[in-house]
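First to last, the protein sequences are chains A and B.
Every position in the first sequence, counted from 1, becomes a number in my numbering once 3 is added.
Every position in the second sequence, counted from 1, becomes a number in my numbering once 3 is added.
Ideal Cβ placement from N, Cα and C applies to all residues, glycine included.
Since the structure comes first, as structure tokens, the remarks are kept for the end.
2 protein chains.
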Amino acid sequence: MTKTPQDRNISSSFAKGLSVLAVFDAETPSLTLAEIARRTGQDRATARRGALTLVQAGYLRQDGRMLSLTPRVLALAGGFLQANQFGRRVQPVLNQHARALDVGITLCILDQDRVLVLAQSTVDQGPVTHGFTAGSHIPLVHTSLGRMLLAGLPLEELESTLARVPIPRHTELSLTDPMEIGEQINLARSQGWSLTDSEFEPGILGLAVPVSAPGRTPIVVGASLPRGQSPQKDSESLLRGLQVCAGDLRQSRAVESL
Amino acid sequence: MTKTPQDRNISSSFAKGLSVLAVFDAETPSLTLAEIARRTGQDRATARRGALTLVQAGYLRQDGRMLSLTPRVLALAGGFLQANQFGRRVQPVLNQHARALDVGITLCILDQDRVLVLAQSTVDQGPVTHGFTAGSHIPLVHTSLGRMLLAGLPLEELESTLARVPIPRHTELSLTDPMEIGEQINLARSQGWSLTDSEFEPGILGLAVPVSAPGRTPIVVGASLPRGQSPQKDSESLLRGLQVCAGDLRQSRAVESL
DNA sequence: TCTATTGGTTCGTAATACGCACATAGTCAA
DNA sequence: TTGACTATGTGCGTATTACGAACCAATAGA
């Protein structure tokens, strides 16, 4: 009657618990037990055990019936950031170019069909402030960052991804036809940069260029700027700046093993 | 023969797995299975199951025999940062004051007897660049940030903490007598700021002021500057700047519920 | 008010993770 | 090379563990 050919090397309890920790995202900063159970697809009792374990370990805190993340989760990320010398190698480069170009620069990677912000330069009051930080997720198909990342995928992976991801509609100008989006991605790949115009935020241009070498895990940097009369012209100097920034990052060898 | 009065609400497998994830810190960016087992105090087989589960979940990657964190752990931190609007409320304030004062400003909290960096403004090439980022741990008893944090603890907690933590010796000037350190902490509490001189890095001053209200979970901001002839004088204007910064953070209500 | 949902608890049982043990393969010194 | 040591992978019997249904109490919503 053994019907579960489970991998004895994987701890399913642990995996279930992890998925509890992972349901806390930007949109839902605090959740009830019932919510967690629903989102993880676990039984309420199971989700409760997972959540209580996380509370005991200090990763979650409980205020009444709401559960939310504690600062301790930052320590986990800190391990990654320090291991890759982000503070020493990446952040200074981003800051330097951001200062010179007077824009916020974002470094991103793909993670689970989403764009994950690895690091972001910090310029006072940029024109577009969505409040993204390292660890934030940003839209995939309607941002220059996302499209440039997708352009770095192997073709078959790109196709399956495009077929899989939802295509929301952030603005009137958001492309909704997967074919059109695919073309923009191909364009980005061939020309080596990606420009989006008001597809995520009205009146805002997004510009992104690759950092990683072709064929490797895609990593990109990008920036936003307010749309003027001529998007192409507006972004010309910024494009060159971003390309220099990407070159510096490549040279710093900081993003090679991600 | 039942001898383990275990809490049925806690999943011990999950807790063990979490401790595997937590052993990856700044000093040891990649570990072997045996190392993990040793550090977590778990059986090798147990540690292996935990690690393999983390690999499958995408939080760890395996290169040969070495295991290391993947960028995905950043997403966990992102949940916390976004929930508390760090990108929108905290980072801009830090950046603004950092720019005005021309120093890097660090926002910290206590976590497990360590100083955890919550956020950091990044000024181009500050004098002291340890490469700290959000999620980094910095020394507790020999930095102004750590002492100011300790000064915010209830007295009995402070005592037990001081008795518990190791006291390393970073420089010739590092205080090593717990009593002396305790006095410095008391001084910090009474005067409302903390100054350290070359106790962590030779020739570098550290200055920190509290952000949190007295009695609440301590949160502090601080900065570093090179030591001149007179530490007190050097830091006078910076102290006022940090106090304004702390006031702004208080007003932004961003750090109330940590 | 009534009703639906939630949080908390109990408990029998199936499933699971534990950890010893063994086999193998590197690693370093002598 | 040899030999001692350490690391990794895996099998497996068994005790532990986590599962989830069922139930009650409390809360929220209408």
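- Under the Cβ distance rule, threonine 56 of chain A counts among the residues neighbouring chain B, one pair being separated by less than 8 Å.
- In the DSSP assignment, methionine 69 of chain A is bridged to A/Asp66.
- Looking at the backbone, the Cα of glutamate 186 of chain A and that of leucine 158 of chain A are separated by about 12 Å.
- If the five residues before and after alanine 154 of chain B are omitted, its C-beta is found closer than 6 Å to the C-beta atoms of Ile188, Ala191, Arg192, all from its own chain and listed in chain order.
- Listed along the chain, the chain A residues whose CB falls inside 7 Å of the CB of aspartate 114 of chain B are Pro74, Arg75, Ala78.
- Excluding residues up to 5 positions away in sequence, Thr174, Leu176, Ile207, Arg230 lie with their Cβ nearer than 7 Å to the Cβ of serine 201 of chain A in the same chain.
- Under the three-state reduction of DSSP output, histidine 140 of chain A falls in the strand class.
- For leucine 119 of chain B, the uninterrupted beta strand (DSSP E) run begins and ends at 117–123, by DSSP.
- In terms of Cα proximity to leucine 119 of chain A, the closest of A/Val93, A/Gly149, A/Asp105, A/His145 is A/Gly149.
- Remark: C-beta atoms of arginine 41 of chain B and glycine 134 of chain A do not approach each other more closely than 8 Å.
- Against serine 227 of chain B, chain A offers no close residue; the least beta-carbon distance is about 14 Å (beta-carbon pairs closer than 8 Å).
- The beta carbon of glycine 138 of chain A falls within 8 Å of a beta carbon belonging to chain B, placing the residue at that interface.
- For aspartate 251 of chain B, the uninterrupted alpha helix (DSSP H) run begins and ends at 239–254, by DSSP.
- The beta carbon of arginine 172 of chain B sits closer than 8 Å to those of Thr179, all from its chain and outside the five residues before and after it, given in chain order.
- Proximity of chain B to isoleucine 141 of chain A at the Cβ level (cut-off 8 Å) is not reached, the minimal Cβ distance being about 10 Å.
- Counting along the chain, the unbroken alpha helix (DSSP H) around isoleucine 39 of chain A starts and ends at 36–43.
- In the three-state scheme derived from DSSP, where H, G and I count as helix and E and B as strand, threonine 174 of chain A is classed as coil.
- For glycine 90 of chain A, the nearest CB of chain B lies under 8 Å from its own CB, placing it at the interface with that chain.
- Arginine 52 of chain A belongs to the set of residues whose beta carbon lies under 8 Å from a beta carbon in chain B.
- For aspartate 105 of chain B, no Cβ of chain A is located within less than 8 Å of the residue's own Cβ.
- Annotated three-state conformation of threonine 179 of chain A is coil, per DSSP.
- Taking a beta-carbon distance threshold of 8 Å, leucine 161 of chain A does not count as an interface residue toward chain B.
- Excluding sequence positions up to five before and after tyrosine 62 of chain B, its CB lies within less than 8 Å of the CB of Leu24, Leu72, Thr73, Arg75, Val76, all in the same chain and listed in chain order.
- Below the 8 Å Cβ cutoff, chain B contributes Thr56, Gln59, Ala60 as neighbours of alanine 18 of chain A, in chain order.
- Secondary structure at leucine 190 of chain A: helix, using DSSP grouped into helix, strand and coil.
- Here glycine 250 of chain A is exposed. Its C-beta has fewer than 16 other C-beta atoms within 10 Å.
- The beta carbon of leucine 36 of chain B is closer than 8 Å to those of Arg47, Ala50, Arg51, Ala54, Arg68, Leu70 in its chain, skipping five residues each way along the sequence.
- Closest by C-alpha distance to leucine 143 of chain A, out of A/Met182, A/Gln115, A/Asn12, is A/Gln115.
- Around the beta-carbon of aspartate 66 of chain B, fewer than 16 other beta-carbon atoms lie within 10 Å, marking it exposed.
- In the DSSP assignment, alanine 257 of chain B falls outside any beta strand (DSSP E), carrying neither H nor E.
- Per DSSP, the continuous beta strand (DSSP E) segment holding serine 197 of chain A begins and ends at 197–200.
- Going by C-alpha positions, phenylalanine 203 of chain B is about 45 Å away from leucine 156 of chain A.
- For alanine 25 of chain B, at least one C-beta of chain A is nearer than 8 Å to its own C-beta.
- The alpha-carbon of threonine 56 of chain B is positioned some 10 Å away from that of aspartate 10 of chain A.
- In the DSSP assignment, threonine 109 of chain B falls within the unbroken beta strand (DSSP E) covering 108–114.
- Membership of valine 168 of chain B in any alpha helix (DSSP H) is not indicated, and neither H nor E is assigned to it by DSSP.
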